[in-house]
Amino acid sequence: MSDWVHDLPVLWMALVVFGFTYLLAAIIFVAVMALATGERAKSFRAVSPGMLPVLGIIFGLFVAFTAAQVWADNDHASAAVSREASALRAVVLLAAGLPAEQEARLLALIHTYVEHAVTVEWPDMAHQTASLKATPAALAEALQLAVAMTPQGAGQQTAQREIISALGTALDARRQRIIISQSEVNAVKWWCLYLQAVCELLAIAIVHCDNRLASGIAMGLFATGVAVSVLLIVAHDRPFTGQISVGPGSLQQIMPGESTKR
């Protein structure tokens, strides 16, 4: 599915999906009615109506199969962002047990990382251009700072160990959300979904070729079901793209401040 479709507001996305689906149904209706004359009409009427529920069930399975991937991707994306935010929040809390200079430096680095994630990585993930090739400088420096600390007493030793662990968790969660941002329903699945919908629409038109009103109503109802299903999938297809997407709100909340309020 094209980038411009995913970037549309849900209302406009609905207009595109419904418009395309209804246009497809109208073309099939006109074509079948034009061909349903003479001997061809007799052949069309001989097609068994028993095909309709079978084709409908297959279409439903295609929708369920495709939607399962989309829901799983969105769940994983939300979990990755929440895990990253929780890990960074733990670092912020644990930093209170460090000397004032090290605490201030660590908090500044976390703050810089959050700003970079919100302003740079989220737009990149929305366009599926985010990369794992480079580690965020602020987070890498924070990890190096934590490792290089010379703790004074058991409390600071515990804080250092937990900070290092939390920063490692944040790096892993970031890696997961970037990987998930590359996920989408591929072209083969979209082609199969719409091809099955075309088969069902064609079967409806052929079975009801001797009654244009009944054929139009049945095709309109099924086309509406197809459009609703496709819209639901498209709106959630890319976890970090579009009006309905996983946002950086959890990360922005871990360090209240003017620069992170967006």
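Here the sequence shown is numbered in this note's numbering, starting from 552 and rising by one per residue. Cβ atoms here follow ideal geometry from the backbone N, Cα and C, with glycine treated the same way.
For residue i, the nearest candidate out of the options (CA to CA)
{"i": "I805", "options": "L649, W563, A659 and A592", "result": "A659"}
{"i": "A681", "options": "A691, I661, I729 and Y664", "result": "I729"}
{"i": "A546", "options": "M770, T709 and Y664", "result": "Look at the range of the chain in this structure, 552 to 813, and you will see that residue 546 is not part of it."}
{"i": "V669", "options": "R712, R725 and A685", "result": "R725"}
{"i": "R789", "options": "M676, L746 and L566", "result": "M676"}
{"i": "S716", "options": "I579, E635 and K593", "result": "E635"}
Residue interval of the alpha helix (DSSP H) (run including residue i)
{"i": "V567", "result": "V561 to L586"}
{"i": "G706", "result": "A705 to S732"}
{"i": "H667", "result": "A651 to H667"}
{"i": "I757", "result": "A738 to V758"}
{"i": "G589", "result": "G589 to R596"}
{"i": "V698", "result": "A688 to A699"}
As assigned by DSSP and simplified to three states, the class of residue i
{"i": "F791", "result": "coil"}
{"i": "P604", "result": "helix"}
{"i": "D558", "result": "coil"}
{"i": "Q679", "result": "coil"}
{"i": "G798", "result": "coil"}
{"i": "A647", "result": "helix"}
{"i": "A786", "result": "helix"}
{"i": "N625", "result": "helix"}
{"i": "S553", "result": "coil"}
{"i": "K812", "result": "Only weak support is given to the placement of K812: the predicted model assigns it a pLDDT of 43, under 50, and the value that follows is read from those uncertain coordinates. Reduced to three states, the DSSP call for K812 is coil."}
Should the stretch 632 to 647 be called in touch with the stretch 736 to 747, which here means at least 3 C-beta pairs below 8 angstroms?
no
Say whether the stretch 752 to 770 touches the stretch 620 to 639, bearing in mind that this needs 3 or more beta-carbon pairs closer than 8 angstroms, one atom from each stretch.
no
Are the stretch 569 to 588 and the stretch 696 to 704 touching by the rule of at least three beta carbon pairs closer than 8 angstroms?
no
Does the stretch 682 to 691 come within contact of the stretch 741 to 749, defined as at least 3 CB pairs closer than 8 angstroms?
no
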